[in-house]
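**Student:**
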Amino acid sequence: MCSMVLTALHIKKLPRKPWPLEKHVSIIMIDQASKKTSAMSELTEVSIGILDSSEPTEQEVDKYSWKYIGYKDFTSYVAADPDFFAVRRFGRLHTRAILTLQGHLTQLEERLDEMDKRFSLKTTKIIGSSPPVIIEATTTDKSSPNRDAYVSADNEPSGARDINNGTIRDDIPERAELISKITAKLVEYDNMLLNHCSLRNLAAAPKRNVKNIESWFLRNNGAIMEEERRFIKHHDDLVSGNKEKSSLREFFENQIILRTTALLGLFKRQMPPSMSPRDQKEVYHFSDQIIDTFGSVAVFIAAILMLIVPLWILQAMEDIRWKLAIITIFVVTCLLFLTLATLGRPFERLAATAGYSAVLVVFLQLGSEPRGP
9 MCSMVLTALH
19 IKKLPRKPWP
29 LEKHVSIIMI
39 DQASKKTSAM
49 SELTEVSIGI
59 LDSSEPTEQE
69 VDKYSWKYIG
79 YKDFTSYVAA
89 DPDFFAVRRF
99 GRLHTRAILT
109 LQGHLTQLEE
119 RLDEMDKRFS
129 LKTTKIIGSS
139 PPVIIEATTT
149 DKSSPNRDAY
159 VSADNEPSGA
169 RDINNGTIRD
179 DIPERAELIS
189 KITAKLVEYD
199 NMLLNHCSLR
209 NLAAAPKRNV
219 KNIESWFLRN
229 NGAIMEEERR
239 FIKHHDDLVS
249 GNKEKSSLRE
259 FFENQIILRT
269 TALLGLFKRQ
279 MPPSMSPRDQ
289 KEVYHFSDQI
299 IDTFGSVAVF
309 IAAILMLIVP
319 LWILQAMEDI
329 RWKLAIITIF
339 VVTCLLFLTL
349 ATLGRPFERL
359 AATAGYSAVL
369 VVFLQLGSEP
379 RGP
């Protein structure tokens with residue numbers, strides 16, 4: 009009997025009445041054993057049905073999310089917004105790699121120091137060239153592995169010369185090769201060290217980023233393998249790289265924008281086209297640029313009010329103690345506002361507050377001048 013090979017997914021028996029042309033296709037089965045192409049008796053016709061659509065149903069997507077969603081949709085989601093991005097910095101592994109390179113460099117450094125010390129001895133000389141041969145005029149044990157040739161100090165061969173340790177143009181090949189290894193290892197070590205320091209300076213991933221990724225894993229259960237989802241559990245090792253936000257900005261986004269998405273839809277913008285339609289239905293995407301503009305305008309208005317309002321209040325008061333109380337209240341309010349609404353360093357906030365209080369004190373002195381009769 010001859011063996012037959014058939015390439016098809018679903019084989020159906022050929023019905024008595026042929027299907028319409030658009031509903032079936034003919035597949036030719038070729039006898040691989042005989043490999044005869046002329047004999048029509050060795051061709052078999054089989055009809056298979058064609059699915060109405062190649063797109064999976066919603067139930068199939070949920071059941072086989074690893075096939076239809078996978079890293080394709082996960083990557084599009086993470087890249088869509090800085091608030092969706094969080095990865096591990098691998099601080100422990102970076103430190104282990106740096107310590108390992110440090111150990112290798114230490115060994116190379118010790119070899120170079122030993123070599124320099126050896127080449128500086130009065131009894132160590134070279135003879136010949138291309139490459140020169142190192143000889144040592146000594147009477148010690150000749151089993152030492154640090155010598156290439158041994159001669160007696162009384163029978164030093166002609167042409168033997170001292171090693172020139174003051175040049176690198178005609179250096180000993182053994183030392184030049186070692187320095188080349190050290191150079192390559194230093195480049196690797198420096199790059200690793202600088203990259204690690206840069207990663208350490210990155211702020212930890214905000215809780216919102218972590219929750220966004222965890223929510224995606226929950227909505228698309230099984231799309232990413234369990235072992236490859238565990239990175240999100242290393243909270244202390246996660247970085248995002250997105251810019252730092254003030255406390256007032258975070259409060260505004262979390263408590264006002266995100267809590268009123270269905271009712272107000274503040275600052276909403278169009279979803280990135282790269283994001284899957286499934287994620288576009290579940291994610292609320294707002295514009296950081298519009299929020300930045302809104303925040304700048306709000307801070308400007310607040311600053312104007314904090315400069316003008318206390319002036320009118322102080323002007324209407326006569327008692328100096330009440331004026332000092334008003335100044336104290338507005339100075340504390342200014343410092344609190346700068347702490348919550350800006351990202352300046354502490355001494356910068358104190359300097360701005362001191363300038364603000366100086367303006368109020370000057371106005372207080374002007375208001376305390378005796379008025380006309």
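In terms of the working numbering, the sequence shown has 369 at position 361, counting the first letter as 1, and numbering is strictly consecutive. By construction, the Cβ of each residue, glycine as well, lies at the ideal position given by its N, Cα and C atoms. All values reported here derive from a predicted model rather than from experimental measurement.
#1: Using DSSP's beta-bridge definition, name the partner residues of Ile299.
#2: Give a yes or no on whether the C-beta atoms belonging to His457 and His204 are separated by under 7 Å.
#3: Out of Pro181, Leu319, Leu343 and Leu113, which one is the CA nearest neighbour of Ile334?
#4: Quick check: what's the CA-CA separation for Ile190 versus Ala94?
#5: Please classify Asn228: is it buried, with 16 or more other beta-carbons within 10 angstroms of its beta-carbon, or exposed?
#6: Would you mind sorting Ala231 into buried or exposed? The rule is 16 or more other CB atoms within 10 Å of its CB.
#7: So, helix, strand or coil for Asp170, using DSSP?
#8: What residues in its chain sit with their C-beta under 7 Å from that of Asp170, if we drop five residues either side in the sequence?
#9: How many angstroms separate the CA atom of Pro64 from the CA atom of Tyr76?
#10: Do the stretch 180 to 198 and the stretch 114 to 122 make contact, defined as three or more Cβ pairs closer than 8 Å?
#11: Could you give the first and the last residue of the continuous beta strand (DSSP E) run that contains Ala145?
#12: Buried or exposed: where does Thr45 fall if 16 or more other Cβ atoms within 10 Å of its Cβ makes it buried?
#13: Is the stretch 268 to 285 touching the stretch 81 to 88, taking contact as three or more C-beta pairs under 8 Å?
#14: Could you check whether the stretch 213 to 225 touches the stretch 295 to 311, counting it as contact only if at least three pairs of C-beta atoms, one from each stretch, sit closer than 8 Å?
#15: Roughly how many angstroms lie between the CA atoms of Leu194 and Leu201, to the nearest whole one?
#16: Residues in the same chain with beta-carbon distance under 6 Å from Phe338, minus the five sequence neighbours each way, listed in chain order, please.
#17: Assuming Phe98 contacts Ile221 under a Cβ cut-off of 8 Å, what Cβ separation, rounded to an integer in Å, is found between them?
#18: If contacts are defined as beta-carbon pairs under 8 Å, then Leu346 and Gly352 qualify, I think. What distance do you get, rounded to the angstrom?
#19: Who are the Cβ neighbours of Ala360 in its own chain at under 8 Å, not counting the five residues just before and after it?
**Tutor:** According to the data block:
#1: BP columns for Ile299 are empty, so no partner.
#2: This structure cannot speak to residue 457, because the chain is shown only from 9 to 381.
#3: Taking only the C-alpha atoms, the option nearest Ile334 is Leu319.
#4: One alpha carbon belongs to Ile190, the other to Ala94, and they sit about 36 Å apart.
#5: Buried: at least 16 other Cβ atoms inside 10 Å.
#6: Buried, by the Cβ-count rule.
#7: Looking at Asp170 - three-state DSSP - the assignment turns out to be strand.
#8: Residues of the same chain with a CB within less than 7 Å of the CB of Asp170, apart from the 5 flanking positions on each side, are Lys133 in chain order.
#9: Using only the alpha carbons, I get a separation of about 8 Å.
#10: Enough Cβ pairs lie closer than 8 Å, so yes.
#11: Note, Ala145: beta strand (DSSP E), Val141 to Ala145.
#12: With a pLDDT of only 41 at Thr45, under 50, the local geometry of the prediction cannot be trusted, and the value read off the model is given with reservation. It is exposed - the Cβ of Thr45 has fewer than 16 other Cβ atoms within 10 Å.
#13: Yes, since at least three Cβ pairs between the stretch 268 to 285 and the stretch 81 to 88 fall closer than 8 Å, the two stretches touch.
#14: The stretch 213 to 225 makes no contact with the stretch 295 to 311: fewer than 3 CB pairs, one atom from each, lie closer than 8 Å.
#15: Roughly 10 Å separates the two Cα atoms.
#16: Within the same chain, Phe338 has close Cβ partners Pro318.
#17: Taking C-beta atoms under 8 Å as the contact rule, Phe98 and Ile221 fail to qualify, at a distance of about 17 Å.
#18: Right, their Cβ atoms sit about 7 Å apart.
#19: So the list reads Cys342, Leu346 and Gly352, once near-sequence residues are dropped.
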